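Per our numbering, the very first residue in the sequence shown carries number 288; after that it's consecutive. Every residue, glycine too, gets a C-beta built ideally from N, C-alpha and C. It should be emphasised that the depicted structure is a prediction, and the values quoted were computed from it without experimental measurement.
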Amino acid sequence: MSVFSQMKNLPYWWEEAPRRDEVGPEPPKQIDVLIVGAGFSGLCTARVLAKAGKSVLVCEAGLIGTGASTRNGGMLGPSFHKLGVAGLKARHGKDTAYAILRESVGFVDFVAGLIDSENIECEFHRSGRFRGALRPSHYEQMAREIELLKSEAGVEGEMIPRGQVRDEIGTDRFHGGLVYPMDAGLHPGKYHDGLVGCVRAAGATVAAETPVTNIARTPWGFRVTTPRGVIEAGQVAICTNGYTSNITPWHRRRLMPLRSAIIATEPLAPELIQQLMPTRRMYGDSRRVVAYYRTSPDGKRILFGGRAVGPGDKPAANARALRGFMLEIFPELGDTAITHSWSGLVAYTFDHAPHSGEQDGMYYAMGYCGSGVARASYFGHKLGHKILGDGEGETAFDRLAFETRPFYTGNPWFLPAVIRWHRVADKLGL
Ligand SMILES: Cc1cc2nc3c(=O)[nH]c(=O)nc-3n(C[C@H](O)[C@H](O)[C@H](O)COP(=O)(O)OP(=O)(O)OC[C@H]3O[C@@H](n4cnc5c(N)ncnc54)[C@H](O)[C@@H]3O)c2cc1C
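Quick look at the structure:
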């Protein structure tokens with residue numbers, strides 16, 4: 288029997304937190320704020336606004352929570368800017384670079400506080416994250432970067448020399464690594480369900496199967512068209528991230544959608560899990576084309592994620608590719624069945640940073656560059672305050688322009704070639 292013979296093409300998370308086939312109440316005809324997209328960004332925006340007494344409608348194209356927010360790895364961290372401390376300083380100046388880094392350190396605490404205050408049962412756990420160095424030079428680079436992050440932004444981190452790697456992860460692939468003890472993990476399906484519950488409890492309407500098909504300016508706000516009716520909205524917030532379409536071409540021109548995919552193994556023997564992931568952290572490594580792995584919250588399975596093989600949803604091909612990468616780290620899993628394979632869309636930006644703000648009267652939060660569990664929650668929350676205009680919506684990221692490139696319209700045709708090149712560079716150790 289093949290290791291894929293029992294594989295389901297749906298997120299492992301949906302087993303315990305299934306998506307519900309509910310359309311919900313008829314959308315109101317008039318609303319203070321209409322939010323497009325019911326992922327973490329849209330829900331956290333709605334939460335702030337509904338609690339402040341605004342009437343809020345969240346329109347979701349599909350079932351509630353079928354975007355990236357219930358498909359991710361459930362890993363939370365500050366997601367430091369890809370450019371690193373030196374790159375950020377060179378590009379934006381010292382003050383902005385430090386402000387961005389310090390603010391990022393607070394992302395996980397923000398989510399922890401939100402989960403706590405709303406009593407959301409989502410298996411949030413301060414597991415810490417281990418990042419393995421695939422080459423000795425990567426280890427040295429990590430050591431230099433963490434020293435800067437410690438001194439400049441107050442980040443906690445501990446270098447793990449090669450001889451101690453097996454205390455963290457059961458592989459000999461790494462030449463040492465780095466532990467971020469404040470990073471965390473959660474069950475994204477349960478977190479999302481919890482957010483929907485608290486947004487509804489605050490009085491907002493979350494409407495499934497209500498795709499926004501047109502947004503037109505009016506003298507008093509916006510006229511928003513959906514197949515379930517036309518809605519007059521005082522304000523509009525776009526929270527569509529990787530699923531942003533030509534309905535908002537300004538945003539689409541600034542985002543590069545990219546597919547990320549995950550597989551889940553069958554439940555493993557407790558001794559094997561203990562050997563492979565003894566500290567039950569979130570894991571990643573120093574390769575250019577990202578890979579991320581963890582146990583399921585019950586500690587029984589391994590979930591292994593990375594870039595999908597292409598822009599379309601190809602669960603079988605993704606599973607074969609991801610299993611190959613997983614076996615490079617854990618050859619012990621050669622006979623282990625893969626039970627789930629799924630994927631979803633994330634959105635990269637040209638400056639590697641998320642963006643929230645206002646354009647042509649419409650608000651937006653998006654561009655989390657593949658790390659949006661904490662960021663989408665945080666920037667959604669900030670967006671709610673931006674719409675309220677109460678000053679709490681400010682972030683250091685506001686100082687960064689939301690860039691596009693000449694002739695770019697939203698189809699990142701060049702990315703597959705870029706990813707292929709990075710995979711070759713990973714193999715060659717460049
Ligand atoms: C496989 C995978 C693994 C990931 N792993 C991690 C991880 O471990 N850690 C991490 O930090 N991040 C991770 N991410 C990224 C993270 O999930 C996202 O950045 C985050 O969920 C974005 O939230 P969002 O609310 O902005 O967007 P989404 O959750 O994608 O929601 C956008 C919603 O907008 C809706 N929409 C689009 N157009 C319309 C329209 N016209 N009308 C109505 N609705 C519309 C879509 O249907 C969608 O539901 C991962 C993503 C994927 C896909």
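{"query": "Cβ-heavy atom distance, GLY631 to ligand 1, below 7 Å", "result": "yes"}
{"query": "Continuous beta strand (DSSP E) stretch holding GLY490: start and end", "result": "Counting along the chain, GLY490 falls outside any beta strand (DSSP E), and DSSP gives it neither H nor E."}
{"query": "Any 3 or more C-beta pairs closer than 8 Å across the segment 621-629 and the segment 470-488", "result": "no"}
{"query": "Exposed unless 16 or more other CB atoms sit within 10 angstroms - verdict on ALA503", "result": "exposed"}
{"query": "Within 8 Å, strictly: CB atoms of ALA551 and ARG588", "result": "yes"}
{"query": "Extent of the continuous beta strand (DSSP E) run through ALA578", "result": "578-582"}
{"query": "Boundaries of the alpha helix (DSSP H) in which HIS709 is found, first to last residue", "result": "702-715"}
{"query": "Selection from LEU297, ILE549, PHE591 that minimises the alpha carbon distance to MET564", "result": "PHE591"}
{"query": "CYS526 CB to nearest heavy atom of ligand 1 below 7 Å", "result": "yes"}
{"query": "Nonlocal neighbours in the same chain, by C-beta distance under 6 Å from GLN317, ignoring five residues either side", "result": "GLU519"}
{"query": "Burial state of VAL310 (16 or more Cβ within 10 Å)", "result": "exposed"}
{"query": "Contiguous beta strand (DSSP E) assignments of at least 3 residues, all confined to the segment 510-553", "result": "516-525, 543-552"}
{"query": "CB contact flag (LEU350, ARG307, <8 Å)", "result": "yes"}
{"query": "C-beta contact flag for PHE394 and ARG662 at 8 Å", "result": "yes"}
{"query": "Test item: CB-CB of GLY593 and LEU609 under 8 Å", "result": "yes"}
{"query": "GLN562: first and last residue of the uninterrupted alpha helix (DSSP H) it sits in", "result": "557-563"}
{"query": "Inside the segment 338-371 only - beta strand (DSSP E) runs reaching at least 3 residues", "result": "343-346"}
{"query": "The segment 326-345 contacting the segment 538-554, beta-carbon criterion three pairs below 8 Å", "result": "no"}
{"query": "Pair within 8 Å by beta-carbon distance, LEU421 and ARG574", "result": "yes"}
{"query": "Span separating the alpha-carbon of GLY676 from that of GLU645", "result": "11 Å"}
{"query": "Whole-Å CB distance - ALA634 paired with ASN533, under 8 Å assumed", "result": "Going by Cβ atoms, the distance from ALA634 to ASN533 rounds to 15 Å, so no, they are not a contact pair."}
{"query": "ASP572 beta carbon less than 8 Å from that of ARG710", "result": "no"}
{"query": "Validate contact between the segment 689-697 and the segment 533-547 using beta carbons, cut 8 Å, 3 pairs", "result": "yes"}
{"query": "ALA661: CB within 7 Å of a non-hydrogen atom of ligand 1", "result": "yes"}
{"query": "Spatial distance of ALA355 from HIS639 (CA atoms)", "result": "18 Å"}
{"query": "Extent of the continuous alpha helix (DSSP H) to which VAL725 belongs", "result": "No information on residue 725 is available, as it lies outside the stretch 288 to 717 that the chain covers here."}
{"query": "Whether VAL483 touches LEU330 by CB criterion (8 Å)", "result": "yes"}
{"query": "Identity of the residue in THR492, SER438, ASP459 nearest GLN562 by Cα", "result": "ASP459"}
{"query": "Buried/exposed call for GLN522, threshold 16 Cβ in 10 Å", "result": "buried"}
{"query": "Enclosing beta strand (DSSP E) for GLY592 [first to last residue]", "result": "589-594"}
{"query": "Any non-hydrogen atom of ligand 1 within 7 Å of MET469 CB", "result": "no"}
{"query": "ARG568 vs GLY360 beta-carbon contact at 8 Å", "result": "no"}
{"query": "Unbroken alpha helix (DSSP H) run spanning SER438, endpoints", "result": "423-440"}
{"query": "ASP585 versus MET469 - alpha carbon distance", "result": "20 Å"}
{"query": "Short Cβ contact (8 Å threshold) for SER658 with ALA548", "result": "no"}
{"query": "Every unbroken alpha helix (DSSP H) within the segment 608-644, with a cutoff of 4 residues, ordered by chain", "result": "none"}
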